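Asker:
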Amino acid sequence: LENNKMNSLLKNLLNTMEKKVVLYGKFISLLQDEWDSIADYSVEALDSIILKKDELVHQLKSLESDRTRIMKKVAKGLRISHGNLTMKNLLNIQKSPLNPRLAKSRKNLLNKIQLVNSLNYSIRGLMNKSSASFRKTLVHLHSEGEIASSPYHANGKIQKAKKYSSMLSVDA
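Our numbering puts the sequence shown at residues 170 to 341.
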């Protein structure tokens with residue numbers, strides 16, 4: 170490819186990657202909000218966050234397909250296989266004034282993805298703890314209810330029947 174066309178492709182690639190970095194930043198913020206919502210047992214807030222996350226994931230997928238399309242054109246221009254062209258390889262193969270910005274964008278993107286993975290992992294852990302805690306609470310409440318309504322004492326002896334009639338007024 171002629172130099173101008175390659176520069177144009179690299180500018181589009183940089184633009185796409187920078188948009189992804191911004192979206193990942195928003196996604197990270199939502200993940201932090203999600204953590205808070207789970208910790209606070211706030212289902213309403215969680216529902217809203219999940220909708221926002223879904224929208225961001227849709228936008229990120231769209232940007233990723235744009236990036237892939239651009240990378241295919243770059244690979245074709247460099248006469249190399251698209252499958253072998255990574256951002257790291259591109260920076261080594263193609264010398265461009267945009268390389269420092271592309272490298273910085275790549276690094277930012279990798280850091281954001283790493284943070285997303287870490288937050289997702291900790292949210293899963295918190296959800297597991299929260300659901301385990303919730304289950305224990307339900308089991309405890311259920312067993313307390315069972316004990317309260319059971320005719321047996323903890324030592325196995327039968328309780329005397331409760332005298333509900335003593336609560337009724339005979340003066341009526």
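Here a beta-carbon is modelled for each residue, glycine too, at the ideal position from N, C-alpha and C. Quick caveat, the model's predicted, so the values are computed rather than measured.
Evaluate Ser274 with the Cβ neighbour count: other Cβ atoms within 10 Å of its Cβ, from every protein chain shown; 16 or more gives buried, anything less gives exposed.
Answerer: Buried.
Asker: According to DSSP, is Gln283 part of a helix, a strand, or is it coil?
Answerer: Of the three classes helix, strand and coil, the one that applies to Gln283 here is helix, per DSSP.
Asker: Near Met272, which residues of its chain fall below 7 Å by C-beta distance, leaving aside the five closest residues on each side in sequence?
Answerer: It is worth fixing the name first, because residue 272 is Ala in this sequence and not Met. The answer, listed in chain order, is Leu260.
Asker: Specify the secondary structure class of Tyr238 as computed by DSSP and reduced to three states.
Answerer: First, the amino acid is wrong: residue 238 is Arg here, not Tyr. If DSSP states are grouped into helix, strand and coil, Arg238 belongs with the helices.
Asker: Please say whether Ile292 and Leu200 have beta carbons closer to each other than 8 Å?
Answerer: For Leu200 and Ile292, yes; Cβs fall inside 8 Å.
Asker: Helix, strand or coil: how does DSSP classify Ile219 here?
Answerer: Correct three-state label for Ile219: helix.
Asker: Below 8 Å, can you find three or more Cβ-Cβ pairs linking the stretch 234 to 249 to the stretch 203 to 215?
Answerer: Contact fails: fewer than three Cβ-Cβ distances are below 8 Å.
Asker: Assign Gln228 to one of three DSSP states: helix, strand, or coil.
Answerer: The answer is helix: DSSP assigns Gln228 an H, G or I state.
Asker: Does DSSP put Lys188 in a helix, in a strand, or in coil?
Answerer: Residue state, collapsed to three classes: helix.
Asker: Return the CA-CA distance between Leu237 and Arg248, expressed in angstroms with no decimal places.
Answerer: Note on identity: in this sequence residue 237 is Thr, with Leu being the wrong assignment. One C-alpha to the other measures close to 16 Å.
Asker: Whole angstroms are fine: how far does the CA of Thr185 sit from the CA of Asp235?
Answerer: In a straight line, the C-alpha of Asp235 is about 7 Å away from that of Thr185.
Asker: On the criterion of 16 or more Cβ atoms from any shown chain inside 10 Å, does Leu279 qualify as buried, or is it exposed?
Answerer: Exposed: under 16 other Cβ atoms inside 10 Å.
Asker: Going by DSSP in three states, Lys264 sits in which element: helix, strand or coil?
Answerer: Coil at Lys264, not helix or strand.
Asker: Helix, strand or coil for Arg248, going by three-state DSSP, please let me know.
Answerer: The answer is coil: DSSP assigns Arg248 none of H, G, I, E or B.
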